[in-house]
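Residue numbers (my numbering): 940 to 1084. Even glycine gets a Cβ: it sits at the ideal position worked out from N, Cα and C. In this text, all values refer to a predicted model and were calculated from it rather than measured experimentally.
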């Protein structure tokens, strides 16, 4: 009987998280930084803030935007989950990419200490200045961002 109850609770949590039924607790995160390409501001670069959902569940987009003329960006967003969210910043760029199809994608994981309850983050994670010209561990190519 206990195992059936556990399986039912896990299944319900999975279904709610997968289909975004808005249940769970509202949590938020924010990230800011500056992007550079060969030492110059990387303007108009696409940046997205996600809740990283592992497994077959798709990541939840919390916010998106593009860098300003000086390469700076600020993203803030929220989502609802039963468990603590795992925020991450994805950066999609063409720095030192030539004519290679698709875009380079790097991911910056935001520490749990920057996750807040509610729709507005209490602290903003400062990703600092990121030089996009180098290669990054875990870097991927993304054609569908």
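Taking DSSP as the reference, what is the three-state secondary structure of residue 1051? helix
Quick check: the region 1044-1055 against the region 1003-1014, are there 3 or more CB pairs under 8 Å? no
Between residue 991 and residue 965, what straight-line distance do the alpha-carbon atoms span, to the nearest angstrom? 15 Å
Using only CA atoms, which one of 972, 981 and 963 lies nearest to residue 884? Since the first residue shown for the chain is 940 and the last is 1084, residue 884 is missing from the structure and cannot be characterised.
Measure the alpha-carbon distance for residue 1036 versus residue 1014 and round it to whole angstroms. 25 Å
Closest Cα partner of residue 1084 within the set 975, 1028, 973 and 1075: 1028
Buried versus exposed, by CB contacts within 10 Å (16 or more), residue 1042: buried
Less than 8 Å between the beta carbons of residue 999 and residue 1018, yes or no? yes
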